[in-house]
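Inspection log for the structure reproduced underneath, given as structure tokens.
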Amino acid sequence: MTSILRIFVMCFAALAFGLASGVVTTAHAQLSIDITKGNIDPTPIAIPNFMSTDSRGKQIGQDLAEVVRADLERSGLFRSLDPKSFIETQSNIDYAPTFADWRVIKAEALVSGRIVMESDSRMRVEFRLWDIFGGEQLSGLRLAATPDNWRRMAHKVSDAIYSQLTGESGYFDSRIVFIDESGPKTDRKKRLAIMDQDGANPQFLLTGPSTVITPRFSPNTQKITYMSYENIVPAIYLLEIETGRRELLGSFPGMTFAPRFSPDGNTMILTLSKGGNSDIYAMDLRSRSTTQLTTNSAIDVSASYAPDGRNIVFNSDRGGSPQIYTMSSDGSNVKRISFGKGRYNAPVWSPRGDKIAFVKSTGGKFHIGVMNPDGSGERLLTESYLDEGPTWSPNGRVILFSRETRGRNGKNEIWSVDLTGTNLRRVPTPGSASDPAWSPLLP
Amino acid sequence: MTKNLILLVSAAALMTACASKPEVVEQEPEPVAAAPIFTPEPEPKPVMQAPVQQQTVVQAPDPNLPVPGSVADFIYQAGGDARVYFGYNQYNLTPSAMDNLRAQAAWLKQYDSVNAVIEGNADERGTREYNLALGARRAESVKSFLVGQGVASRRLTTVSYGKERPIDGRSSESGWARNRNGHTNVMNGAVG
Amino acid sequence: MRFGLPISLMAHGLVLAGGIFMFGRSIPTLDEGEVVAVEILTISEFTNIRAAIKKPKPEEPAPEPEEPMQLQTPMENAEVESDVVEKRQEDATEQPPEPEPEPEKVVDAEEPAPEKPKEEEPTPPEKPVFDLDALSDIVNRTRDAAPEKNQQVALESEKTVYEYADISRTASGEGTGLSVSLLDKLQTEMMRCWRESRDAVDPETLVVQFRIRLLPDGYVEKVDLLGETGRGPYAAVARQRAAAAIKKCEPYDFLPAENYSSWKDMTLSFRPRA
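Chain order of the listed sequences is G, C and H. Using the numbering used here, you'd call the opening residue of the first sequence number 697 and step up by one each time. Using the numbering used here, you'd call the opening residue of the second sequence number 95 and step up by one each time. Using the numbering used here, you'd call the opening residue of the third sequence number 12 and step up by one each time.
What follows is the structure, given as structure tokens:
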């Protein structure tokens, strides 16, 4: 018995020994370190002109690369390197580049592209995206279209690169509908217009003189809804972009405004003002039947669907001042989510579902802000005399809004800001502009 | 006899209207043409100087006065301004607003074939859609009062312009105050 | 009742023996020179700060640059057999909390070792300042009401040499950690090299773990992906960014050659914040 005891004691001591000498380890490797601090610097990316054996293709290759560089740079997540600094000029995109040449100029990614003119009316765009550090191809893509559509091809290339390097879907092949403004504040002309997301190709959509405001895109990108003053009682209209066909949306016993499509495109949510009281209604676009969603004597306005179509965020002053509320899509379960000091208006649910954009005014200043759908995490992104009308990019990363300056000659402009509050920049428009609305990604 | 009464009443109304008129420091010349048909700009106010000159009751017909029953007459009877004004984010009527509307109601009851569009307006310090709703409340306030005074409801249509139709382009308290209004827009006058 | 005690002891012994077997296998070979006589350095996921005593003689650092070289001879002999090291460490443990001649030299030499040699030469008095900066927030985190008492505790569980710093600090966690200034340097370099997915949805779920093996000149010999917690496109991007960070920070020549066997094989866990 005692000898066994002795053995055990010795074993115990030996183990204690081993522990004491620190021989015991807990991981495969000896040293285990947590890296918790990184940067959010823009990724340096090299995008040489897309090559082509055809002279027309060469010109397109140059223009196309220019658009891609501008797209990625404008997102704030990329830094497009100056082509003059490139050391290597590739002659064939099917071979790997000399990675060292690109590492030297500090590129972290490289886009090698080419244009192939299959015929006068058909063009192919091909590119490879290379990871300079890893020395491997990350993705490649081939697109085909008519040469006139080279801009859309460029935006699709940008989307593919953006998506590969950030994990998010892109937003470059999209359009923005907006209100073109002219004249002094007391006699302002407001006309419906549309342009590419980067400001190219602006054009008017309607020719009439009537004031048009708050246009929005349908999920299928072919229809727009807006509010117009062409009749005595202002009302909501639908416009088919391709055909120009217009349609008055229903006939209501009062003024209708603030329209938005549901994510599946089958329902229009809107505000009807009857006897001075504004409430939110949903209209089935197929049957044209309407359901009243709010029955409060307060102002209930600016409804916006969540991307799953099951919830709605809206603006109401039922609590005494304008605040943000959510409810189920049938009008039940109303919950207030804004609680800060100030007035909250114009809530818009992000297509990514994780945030709600809004306008907050406090102390004479206006802000664009975002919060989580439960009201937490409120963050103000901008500040000025008058910022309003936020709209989300298709990937829920970027917000466009209207910014108006003070005074008789105050001008309206469209600005964009990243969801994190960075990368504030102006969107170029032909003249003054307001009420931007972003389309989904074009198919 | 009735003419004297009208002159007396209008002189009295003019004096009370003068007392309550909002301060006008600068003013944009009212644009006349190039506006869509359904929003005729208010006629120029020809009678602003009138009260000064017409303290005494005059028996002879005054060519400066607007034709009775005309749109200009309506404005004149309302004290020279067919608008009532509201406080920030408010849609309740002030006593002076009610006085103005009483005069409007009287005229409307007298010329009962005339219809009007009541336009609610808001100042620029708000978002577009919320201000449309606020303007709608203001228009309804005006309409309710007029109906309460005996004007038939079917004659009055309410509309909101939100912040889309400011009458004052200044970004100041004075400018904003003028833009927070309810405007009774008499489309056509009565004949005679 | 008669069998209770032996059975219990037998069970304990089996467990312990098994433990020794498992653990015994992972004893690393301290074959490279220069390793100062410390045990295998383990930095766990928890804070792991070695207890320290206030440095007695700040003037001493002057001749120190030579010392690591001098120590090689006795240390090399000591490293040949691991149980000799253990015995030394065991002796050290049983001493009262006063610096022994050998551990003292070792510790003093260890102080300048983590920093590059060129940093020591110009202004030795400046070195304490450097340490102070690097250690200040660690101290804030681990300082206690009764440092002396904790130091006793640290001494019992802590089996080896004492580290000297400008301010005494209590041990935290296992109390076996690498010098914090070295960690800081690595963190600082990684901040430059690693692009965080700060604006992804739920970035805290995108943890990526790599094992890297470095050559003595600081270049990467081998990289192995140990694991990742995220899923979907954000996770793929997080992995690619961590891999790029490792490459971008190459060469790791800011890590001191004297400690090569400490950092030649590391696990790096990249943890994005929200």
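Glycine included, every Cβ here is placed at the ideal spot set by N, Cα and C.
At the level of alpha carbons, what is the spacing between Tyr1001 (chain G) and Ser272 (chain H)? Numbered from 1 along the first sequence, position 305 holds the residue referred to as residue 1001 (chain G). Numbered from 1 along the third sequence, position 261 holds the residue referred to as residue 272 (chain H). Near 59 Å, if we compare the C-alpha coordinates of Ser272 (chain H) and Tyr1001 (chain G).
Should Glu1084 (chain G) be flagged as near chain C, meaning a C-beta pair shorter than 8 Å? Translated into the one-based positions of the first sequence, residue 1084 (chain G) becomes position 388. Closer than 8 Å to some Cβ of chain C, the Cβ of Glu1084 (chain G) qualifies, so yes.
Once the 5 residues before and after Lys1061 (chain G) are set aside, which same chain residues still bring their CB inside 6 Å of it? Stepping through the first sequence from its first residue, residue 1061 (chain G) is reached at position 365. Once the five neighbours on either side are set aside, the close Cβ partners of Lys1061 (chain G) are Glu1079.
Between the C-alpha atoms of Val908 (chain G) and Ser924 (chain G), what's the straight-line distance to the nearest angstrom? Counted from its first residue, the first sequence places residue 908 (chain G) at position 212. Counted from its first residue, the first sequence places residue 924 (chain G) at position 228. The straight-line gap from Cα to Cα measures roughly 4 Å.
Just to check my reading of the structure: Trp798 (chain G) and Ala742 (chain G) have Cβ atoms closer than 8 Å, yes? What is that Cβ distance to the nearest angstrom? Start at 1 with the first residue of the first sequence, and residue 798 (chain G) comes out as number 102. Start at 1 with the first residue of the first sequence, and residue 742 (chain G) comes out as number 46. The Cβ separation is near 6 Å, so the contact holds.
Whole-angstrom distance between Thr1022 (chain G) and Ser835 (chain G), CA atom to CA atom: As a working note, residue 835 (chain G) is residue 139 in the first sequence. As a working note, residue 1022 (chain G) is residue 326 in the first sequence. Taking the straight line from one Cα to the other gives about 41 Å.
If you run the structure through DSSP and keep just helix, strand and coil, what is Ser835 (chain G)? The residue you call residue 835 (chain G) lines up with position 139 of the first sequence. Three-state result, Ser835 (chain G): strand.
Exposure label - Ser914 (chain G); buried when at least 16 CB within 10 Å: Stepping through the first sequence from its first residue, residue 914 (chain G) is reached at position 218. Label assigned to Ser914 (chain G): buried.
Tell me which residue opens and which closes the alpha helix (DSSP H) that Arg912 (chain G) is part of. In the first sequence, counting from the first residue as 1, residue 912 (chain G) sits at position 216. Segment Val908 to Phe913 is the beta strand (DSSP E) holding Arg912 (chain G); no alpha helix (DSSP H) there.
Inspect the beta-carbon positions of Gly276 (chain C) and Arg222 (chain C) and report whether they are closer than 8 Å. Residue 276 (chain C) sits at position 182 when you count from the first residue of the second sequence. Residue 222 (chain C) sits at position 128 when you count from the first residue of the second sequence. Their beta carbons are not under 8 Å apart, which means Gly276 (chain C) does not touch Arg222 (chain C) by this criterion.
Would a check of beta-carbon distances place Phe281 (chain H) closer than 8 Å to chain G? Looking up residue 281 (chain H) in the third sequence gives position 270. Yes, Phe281 (chain H) lies at the interface with chain G (some Cβ there is under 8 Å from its Cβ).
Whole beta strand (DSSP E) runs in the stretch 1032-1119 of chain G with 3 or more residues, listed along the chain? 1039-1045, 1052-1058, 1061-1067, 1083-1088, 1094-1100 and 1108-1114
On the DSSP bridge assignment, give the partners of Trp1159 (chain G) in chain order. The structure shown does not extend to residue 1159 (chain G), since chain G is modelled only from 697 to 1139, so the question has no answer here.
Got a sec, what are the start and stop residues for the alpha helix (DSSP H) Ser268 (chain C) sits in? Taking the second sequence and counting its residues from 1, the one referred to as residue 268 (chain C) is at position 174. From DSSP, the alpha helix (DSSP H) with Ser268 (chain C) extends over Glu267 to Asn273.
In its own chain, which residues sit with a C-beta less than 6 Å from the C-beta of Gly961 (chain G), not counting the 5 before and 5 after it? As a working mapping, residue 961 (chain G) is identified with position 265 in the first sequence. Answer for Gly961 (chain G): Ser914, Pro915 and Asn916, listed in chain order.
Comparing the CB of Arg232 (chain C) with every heavy atom of the ligand MN, is any distance shorter than 7 Å? This structure lacks the ligand MN; in fact it carries no ligand of any kind.
Residue range of the unbroken beta strand (DSSP E) whose run includes Gln988 (chain G): For the purposes of this step, residue 988 (chain G) is identified with residue 292 of the first sequence, where counting begins at 1. Its beta strand (DSSP E) spans residues Thr986 to Gln988.
How would you label Thr785 (chain G), buried or exposed, when you count the other beta carbons within 10 angstroms and need 16 or more for buried? Locating residue 785 (chain G) in the first sequence gives position 89, counting from the first residue. Thr785 (chain G) is exposed by the Cβ-count criterion.
Three-state secondary structure assigned by DSSP to Val853 (chain G): To locate residue 853 (chain G), count along the first sequence from 1; it is residue 157. Reduced to three states, the DSSP call for Val853 (chain G) is helix.
If we cut at 8 Å on Cβ distances, does Tyr263 (chain H) have a partner in chain G? Counted from its first residue, the third sequence places residue 263 (chain H) at position 252. Not an interface residue.
Is it right to say Arg982 (chain G) is buried, meaning 16 or more other beta carbons lie within 10 angstroms of its own, or is it exposed? Counting from 1 along the first sequence, the entry for residue 982 (chain G) is found at position 286. Arg982 (chain G) comes out exposed.
How should Asp996 (chain G) be labelled, buried or exposed, when 16 other C-beta atoms within 10 angstroms of its C-beta is the threshold for buried? Here the question's residue 996 (chain G) lines up with position 300 in the first sequence. Classification for Asp996 (chain G): buried.
Selected residue, minimal CA-CA separation from Pro1043 (chain G), among G:Leu968, G:Ser808, G:Asp1026 and G:Ala954: Position 347 of the first sequence holds residue 1043 (chain G). Looking at the Cα atoms, G:Ala954 is the closest of the given residues.
Give me, in chain order, the residues of the same chain whose beta-carbon lies closer than 6 Å to that of Glu200 (chain H); leave out the 5 immediate sequence neighbours on both sides. Position 189 of the third sequence holds residue 200 (chain H). Same-chain partners within the cutoff: Cys260.
Show which residues of chain D have a CB atom less than 7 Å away from the CB atom of Ile1064 (chain G). The chain inventory of the structure shown lacks chain D, comprising the protein chains G, C and H.
Nearest-angstrom beta carbon gap, Pro738 (chain G) and Leu777 (chain G) [assumed within contact, 8 Å]: Here residue 777 (chain G) is taken as the residue at index 81 of the first sequence, counted from 1. Here residue 738 (chain G) is taken as the residue at index 42 of the first sequence, counted from 1. So it is not a contact: roughly 11 Å between Cβ atoms.
Segments of 3+ residues assigned as beta strand (DSSP E) that fall wholly inside the stretch 836-901 of chain G: 871-878 and 885-892
Can you grab the Cα-Cα spacing for the pair Ser699 (chain G) / Leu25 (chain H), in whole Å? For the purposes of this step, residue 699 (chain G) is identified with residue 3 of the first sequence, where counting begins at 1. For the purposes of this step, residue 25 (chain H) is identified with residue 14 of the third sequence, where counting begins at 1. So the alpha carbons of these two residues sit roughly 15 Å apart.
With H, G and I counted as helix, E and B as strand and the rest as coil, what does DSSP make of Val1009 (chain G)? Within the first sequence, residue 1009 (chain G) is the residue found at index 313, counting from 1. Strand, per DSSP.
How would you call Arg984 (chain G), buried or exposed, if buried means at least 16 neighbouring beta carbons within 10 angstroms? The residue you call residue 984 (chain G) lines up with position 288 of the first sequence. Burial call: exposed.
Indicate the three-state DSSP secondary structure (helix, strand or coil) for Lys733 (chain G) in the structure shown. Against the first sequence, residue 733 (chain G) aligns to sequence position 37. DSSP places Lys733 (chain G) in coil when its eight states are reduced to three.
Confirm, please, whether the CB-CB distance from Phe868 (chain G) to Asp767 (chain G) is below 8 Å. Along the first sequence, read from residue 1 onward, the residue named residue 767 (chain G) stands at position 71. Along the first sequence, read from residue 1 onward, the residue named residue 868 (chain G) stands at position 172. The answer is yes: Cβ separation under 8 Å.
Taking the C-alpha atoms as reference points, what is the distance between Pro905 (chain G) and Ala840 (chain G)? The residue you call residue 905 (chain G) lines up with position 209 of the first sequence. The residue you call residue 840 (chain G) lines up with position 144 of the first sequence. Whole-angstrom Cα-Cα distance: 40 Å.
Residues of chain G with CB under 8 Å from Glu310 (chain H), in chain order? Because chain H in this structure spans residues 12 to 285, residue 310 (chain H) falls outside the shown range and cannot be described.
If we define contact as Cβ-Cβ less than 8 Å, is Ala723 (chain G) a contact residue for chain C? Reading the first sequence from its first residue, position 27 is the one you call residue 723 (chain G). Reliability fails at Ala723 (chain G), whose pLDDT of 43 lies under 50, so the model's placement of it is uncertain and the value that follows must be treated cautiously. Not one chain C Cβ lies under 8 Å of Ala723 (chain G).
My guess is that Trp205 (chain H) and Asn735 (chain G) are in contact by the Cβ rule of under 8 Å, so how many angstroms apart are they, rounded? Residue mapping note: residue 205 (chain H) aligns to position 194 of the third sequence, counting from 1. Residue mapping note: residue 735 (chain G) aligns to position 39 of the first sequence, counting from 1. Sure, about 7 Å apart at Cβ, within 8 Å.
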